[in-house]
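S.K.:
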Amino acid sequence: KRNVLIIGAGGVAQVVAHKCAQYNDVLGNIHIASRTVEKCQQIVDSVQEKGSLKTAGDLQAHALDALDIEATKALISKTQSQMVINVGSPFINMSVLQACIETGAAYMDTAIHEDPDKICENPPWYANYEWKRKQLCADNGITAILGVGFDPGMVNTYAAAAVKEDYFDRVESIDIIDINAGNHGHYFATNFDPEINFREFTGRVWSWQNNAWVKNKMFEVKRTDDLPVVGMQTSYMTGHDEIHSLSHHLDVPNVRFWMGFGEHYINVFNVLNSLGLLSEQPVTTAEGLEVVPLKVVKAILPDPASLAPNYTGKTCIGDVVKGQKDGKDKEIFIYNISDHEAAYEEVGSQGISYTAGVPPVAAAILIATGEWDVSRMVNVEELPHRPFINLLNDMGMPTRIKDEHGDRPLSF
Ligand code: NDP
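Note that our numbering has the sequence shown beginning at 1, numbered continuously upward.
#1: Closer than 8 Å, CB to CB, is V44 near chain C or not?
#2: Using a 10 Å radius around the Cβ and a threshold of 16 neighbouring Cβ atoms, would you call D117 buried or exposed?
#3: With a CB to CB cut of under 6 Å and the five nearest residues on each side skipped, what residues in its chain are close to A356?
#4: Indicate, with yes or no, if the ligand NDP has a heavy atom lying under 7 Å from the CB of G318.
#5: Is DSSP giving A212 helix, strand or coil here?
#6: Quick check: does the Cβ of F168 come within less than 7 Å of any heavy atom belonging to the ligand NDP?
#7: May I ask you to check if the CB of I85 is nearer than 7 Å to at least one heavy atom of the ligand NDP?
#8: Alpha carbon to alpha carbon, how far is T285 from D175? Give it in angstroms, no decimals.
#9: My output table needs one value for D394: the three-state DSSP class, helix, strand or coil.
#10: Run the proximity test for P304: is its beta-carbon closer than 7 Å to any non-hydrogen atom belonging to the ligand NDP?
#11: Just how far apart, CA to CA, sit N273 and S279?
#12: Can you give me the C-alpha to C-alpha distance between E200 and M108, rounded to a whole angstrom?
#13: For a test of the three-state rule: what should DSSP assign to E121, helix, strand or coil?
#14: Would you identify the three-state DSSP class for E195, choosing helix, strand or coil?
#15: Shorter than 7 Å, the distance from the beta carbon of D394 to the closest heavy atom of the ligand NDP, or not?
#16: Compute every distance between the C-beta of D65 and the non-hydrogen atoms of the ligand NDP, then say whether any falls below 7 Å.
#17: Beta-carbon separation of G262 and Y311 under 8 Å?
#18: Give a single yes or no on whether F269 has its beta carbon closer than 7 Å to a heavy atom of the ligand NDP.
#19: Quick one: grab the DSSP three-state call for I92.
#20: Which same chain residues end up closer than 6 Å to A458 when comparing Cβ atoms and leaving out the 5 residues on each side of it in sequence?
#21: Using a Cβ-Cβ cut-off of 8 Å (strictly less than) and excluding sequence neighbours within five positions of C100, which residues of its own chain qualify?
#22: Give the list of continuous beta strand (DSSP E) stretches no shorter than 3 residues that lie fully inside the region 133-204.
#23: What residue range does the alpha helix (DSSP H) around H248 cover?
#24: Please classify Y187 as buried or exposed, where buried requires at least 16 other C-beta atoms within 10 Å of its C-beta.
#25: Rank S353, D25 and D178 by C-alpha distance to the C-alpha of K222 and give the top, closest one.
#26: Which runs of the alpha helix (DSSP H) fall wholly inside the region 262-323 and span at least 4 residues, in chain order?
#27: Should S245 be counted as a contact of the ligand NDP given a C-beta to heavy atom distance under 7 Å?
#28: Let's test the definition: count the other Cβ atoms within 10 Å of the Cβ of K328 and tell me whether it reaches 16, buried, or not, exposed.
#29: Just how far apart, CA to CA, sit K164 and Q281?
#30: Counting pairs of Cβ atoms below 8 Å between the region 204-219 and the region 285-304, do you hit three or more?
#31: Please report the straight-line C-alpha distance between P398 and L410, rounded to a whole angstrom.
#32: Tell me, please, which residues DSSP counts as bridged to Q60.
#33: State buried or exposed for G318, treating a residue as buried only when at least 16 other CB atoms are found within 10 Å of its CB.
#34: Assuming contact is defined by CB atoms lying nearer than 8 Å, are V361 and Y354 in contact in what I supplied?
#35: Can you tell which of A9, N29, R2 and Y167 has the C-alpha that lies nearest to the C-alpha of I332?
#36: Helix, strand or coil, according to DSSP, for K1 in the structure here?
So, in structure tokens, the structure goes:
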């Protein structure tokens with residue numbers, strides 16, 4: 001398969017575009033589309049300024065409302081894109097997926113579909129939306145790779161590696177830990193779309209424990225770990241996409257997700273939330289103006305993409321996996337360290353966008369070469385983990401493992 005249509009023009013799309021350009025000898029022509037063509041054009045310009053294109057080839061910006069399935073199909077056909085990387089808002093997943101099914105293009109995304117009116121639906125979340133199209137994908141031979149960013153994405157691969165390689169006889173728990181030890185220098189900002197970011201924390205926290213769904217409140221359960229490079233870090237049990245597929249596909253009784261937050265972030269979040277400023281329900285002001293509080297908060301916070309130039313520090317994201325080997329308890333940590341400044345230097349984005357944007361391009365390369373062109377809908381843990389980890393080692397997203405033998409690079 002060749003030629004990539006990138007949908008979305010945010011921080012993640014910027015990384016995807018630069019990385020696709022670096023591998024356009026394999027991927028072919030690159031097209032970027034969102035509702036605001038100027039944002040797409042800015043990405044095209046930045047790729048050209050950095051000279052990221054490996055060989056001569058098309059790199060074009062387009063205006064597209066991806067909720068319009070017919071328009072999306074027309075753009076896929078016009079650009080002869082055989083692969084679509086959807087890094088737009090998660091509200092557009094189902095319509096982009098449908099356009100891919102109807103045109104035969106391979107589909108990739110980095111987050112579960114969300115309905116703007118619904119907060120924190122019942123688990124497993126994939127069953128509410130994407131998995132309903134599983135049969136349709138299989139019937140039409142469509143390769144659809146769901147959640148192939150970092151988390152979800154790489155961490156699913158790490159879980160698959162932990163279970164399928166020879167590390168354990170039995171895996172007891174997978175705890176995914178996401179630490180951003182970076183500093184953006186603002187009083188308060190979110191690293192990606194505030195609307196999506198806050199929605200992760202305002203609902204119930206679902207986790208998979210003892211083979212059952214467990215419900216908690218945000219910031220109710222925490223842990224502290226001494227992690228490589230970023231040191232001692234406190235993280236909080238958080239609801240997250242990958243739990244909803246890993247619990248289904250891997251026979252592991254405990255799958256949890258933990259996100260690191262500083263006290264300052266939690267304080268500000270609690271104030272906003274307690275005041276009702278994170279609500280997606282409209283309110284009417286005394287002047288008769290109808291506003292959605294969450295949209296107002298989003299409008300006054302820094303644009304996540306604008307954080308990139310001054311972001312310093314590192315991220316550490318990985319899977320703590322516990323189980324038994326040869327009758328003994330064992331623990332490993334499979335992880336990646338990314339650097340905000342290095343990401344900005346390479347592709348003009350901050351580290352969070354970088355970690356989310358590189359894996360879908362690796363997935364596209366593996367579809368292009370056939371290794372991951374599976375002609376059905378899959379989550380990342382269902383795919384061979386070795387080529388993905390190896391390829392990402394070469395693409396600026398190296399994996400490491402820490403176990404009883406020490407802390408070292410992981411490749412196969
Ligand atoms: P942004 O909010 O910066 O960008 C979203 C983009 O979607 C915007 O450029 C917007 O452009 C576009 N968009 C929204 N609606 C439409 C539409 N109807 N048609 C076409 N384009 C549309 O988000 P990020 O770049 O930070 O994140 C992108 C995705 O990646 C999100 O789904 C996010 O959840 C996910 N993510 C995944 C991570 C992972 O590790 N798995 C980590 C971080 C993010 P316009 O307004 O011009 O249409």
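For glycine and all other residues, C-beta sits at the position ideal for the given N, C-alpha and C. Quick caveat, the model's predicted, so the values are computed rather than measured.
M.R.: Looking at the atomic coordinates:
#1: No chain C is present in this structure, which holds just one protein chain.
#2: That one is exposed.
#3: Correct list, in chain order: V12, T110, G149 and F150.
#4: No - the ligand NDP has no heavy atom lying nearer than 7 Å to the Cβ of G318.
#5: In the structure shown, A212 sits in a strand (DSSP, three-state: E or B).
#6: Result no, Cβ not under 7 Å from the ligand NDP.
#7: In this structure, the C-beta of I85 stays at least 7 Å away from each heavy atom of the ligand NDP.
#8: Straight-line measurement puts the Cα of T285 at about 44 Å from the Cα of D175.
#9: Three-state DSSP puts D394 in a helix.
#10: Yes, since a heavy atom of the ligand NDP falls inside the 7 Å radius drawn around the Cβ of P304.
#11: As the crow flies, the alpha-carbon of N273 is around 8 Å from that of S279.
#12: Within the model, the alpha-carbon separation for E200 versus M108 is close to 21 Å.
#13: E121: coil per DSSP, three-state reduction.
#14: Here E195 sits in helix by DSSP.
#15: No, since every heavy atom of the ligand NDP falls outside the 7 Å radius drawn around the Cβ of D394.
#16: For D65, the Cβ falls inside the 7 Å cut-off from some heavy atom of the ligand NDP.
#17: No, the Cβ-Cβ distance between G262 and Y311 is not below 8 Å.
#18: Not under cutoff, so the answer is no.
#19: Helix at I92.
#20: As shown, the chain starts at 1 and ends at 412. That puts residue 458 outside it, with no answer to give.
#21: I76, V84, A106, Y107, I142 and A144.
#22: Listed in chain order, they are 144-146 and 170-180.
#23: In this chain, the alpha helix (DSSP H) harbouring H248 covers I243 to H249.
#24: Exposed, because fewer than 16 other Cβ atoms sit within 10 Å of the Cβ of Y187.
#25: The option with the nearest alpha carbon to K222 is D178.
#26: Within the region 262-323, the complete alpha helix (DSSP H) runs of at least 4 residues are 263-275 and 293-300.
#27: Checking every heavy atom of the ligand NDP against the Cβ of S245, none is found closer than 7 Å.
#28: Burial call: exposed.
#29: Roughly 45 Å between the two C-alpha positions.
#30: Three or more Cβ pairs closer than 8 Å define a contact, and the region 204-219 falls short of that threshold against the region 285-304.
#31: The alpha-carbon atoms of P398 and L410 are separated by roughly 8 Å.
#32: Checking the DSSP bridge columns, you'll see Q60 partnered with H31.
#33: Buried, by the Cβ-count rule.
#34: In this structure, the beta-carbon distance from V361 to Y354 does not fall below 8 Å.
#35: Nearest to I332 by C-alpha distance, out of A9, N29, R2 and Y167, is Y167.
#36: In the three-state reduction of the DSSP assignment, K1 falls in the coil class.
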